Amino acid sequence: MMTKDPHKIAQGFFKEMTKEQLTNKQEIWLKETLQELTDRNDQ
Numbered sequence: 001m002m003t004k005d006p007h008k009i010a011q012g013f014f015k016e017m018t019k020e021q022l023t024n025k026q027e028i029w030l031k032e033t034l035q036e037l038t039d040r041n042d043q
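Residue 43 is where the sequence shown ends in the numbering used here, and the numbering goes up by one at each step.
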């Protein structure tokens, strides 16, 4: 993950999301990102 800033992560995600449905790559990326943010918040 390049950045830990949730705002930049969200901006990057929505910038990539050009269709209503997520691609498999975006779905995996989003799950990994949410997992990473959750893990960090639990520490």
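Glycine included, every Cβ here is placed at the ideal spot set by N, Cα and C. From a predicted model like this one, the values you see are computed outputs, not experimental measurements.
- Taking the Cβ atoms as the reference, residue 30 lies roughly 6 Å from residue 13, within the contact range of under 8 Å.
- Counting the other CB atoms within 10 Å of its CB gives residue 28 a total below 16, which places it among the exposed residues.
- Between the alpha carbons of residue 42 and residue 35 lies a gap of roughly 11 Å.
- Taking residue 4 as the centre and dropping the five residues before and after it, the same chain places the C-beta of 40 closer than 8 Å to its C-beta, in chain order.
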